[in-house]
Structure formats: C-alpha cells, structure tokens
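Asks:
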Amino acid sequence: MAMGSGGSAIYATLGDDSYTLGAGVDVVLYSSFLQSDGLGYTDTINGFDAANDKIDISALVSTGWDFAYDNATDTLSIDADGDTNYDLVITLTGEVDFTSANFIV
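Next comes the structure, spelled out in structure tokens:
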C-alpha cells in the first residue's frame with residue numbers, strides 16, 4: 000500500500016495496488032496500461048478528493064481518448080485510443096465527483 004501525505008506524487012506499479020491519499024493535492028502517475036488494466040490488475044485509490052487530487056496519464060494518451068466513471072461501482076475506465084475498449088481501470092473511493100479536470104494529460 001502506498002500512502003500519500005498530501006502534496007505527494009505516487010508512481011503506480013504492477014499488481015492489484017491500493018493507494019491511500021492524504022489531505023492536499025496528490026497525484027497518482029501511470030506509465031503503463033498493465034499497471035491497472037482491469038483484466039489482470041485493478042488498482043484502488045482510497046481517499047480520492049476530486050477537488051484536489053489528480054491522475055497523471057500523460058505517458059499513456061494523446062488524442063482520441065475517453066473515460067467513463069461509474070458512480071455505482073466507483074470505477075474509472077479509460078479508453079486510451081478511441082477503440083471503445085477500456086485500457087486502464089481504477090477503483091476510486093472518497094469524495095469522487097470525477098471530471099476530465101482530474102487528469103493530467
């Protein structure tokens with residue numbers, strides 16, 4: 000489990016990881032789809048605060064990407080290449096009112 004203390008940069012790793020964010024602005028950085036592809040691995044980000052926290056997917060997307068957030072399952076799904084298949088799947092808990100402003104691209 001990785002812990003953010005607020006103002007933290009957390010680098011995602013392979014596996015079913017659980018990250019707990021603290022107060023302030025935290026950024027979780029993804030550099031590979033395999034880190035949380037929803038097939039073999041699904042990360043959980045606890046304490047996500049949509050007013051402050053970010054998910055950095057700048058290494059993974061360019062144009063034609065999209066995302067969906069399912070409030071019922073707390074699941075964030077990202078389609079990196081516009082083929083309508085989700086490439087990155089993350090479970091979020093906390094004050095989640097997720098918008099595109101929560102991404103760094």
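Numbered according to numbering that gives the first Met the number 0, the sequence shown spans residues 0 to 104.
The beta carbon of each residue, even a glycine, is placed where N, CA and C say it ideally should be.
1) Three or more beta-carbon pairs under 8 Å between the stretch 51-66 and the stretch 26-38, yes or no?
2) Output the distance between the C-alpha atoms of Asp82 and Gly46, rounded to the nearest integer angstrom.
3) Whose C-alpha, out of Tyr10, Gly6, Leu20, is nearest the C-alpha of Leu91?
4) Among Trp64, Ala8, Asp42, whose alpha-carbon lies nearest the alpha-carbon of Asp15?
5) Output the boundary residues of the beta strand (DSSP E) element that contains Asp79.
6) Below 6 Å CB to CB, which residues in the same chain sit around Asp65 once its five sequence neighbours on both sides are set aside?
7) Taking the CB atoms as reference points, tell me whether Val88 and Ser76 lie closer together than 8 Å.
8) Going by the DSSP bridge assignment, what does Phe66 pair with across the sheet?
Replies: With the given structure in hand:
1) yes
2) 31 Å
3) Leu20
4) Asp42
5) The residue asked about is misnamed: residue 79 is Ala in this sequence, not Asp. Premise fails: Ala79 is in no beta strand (DSSP E) and is neither H nor E.
6) Asp78
7) yes
8) Ile77
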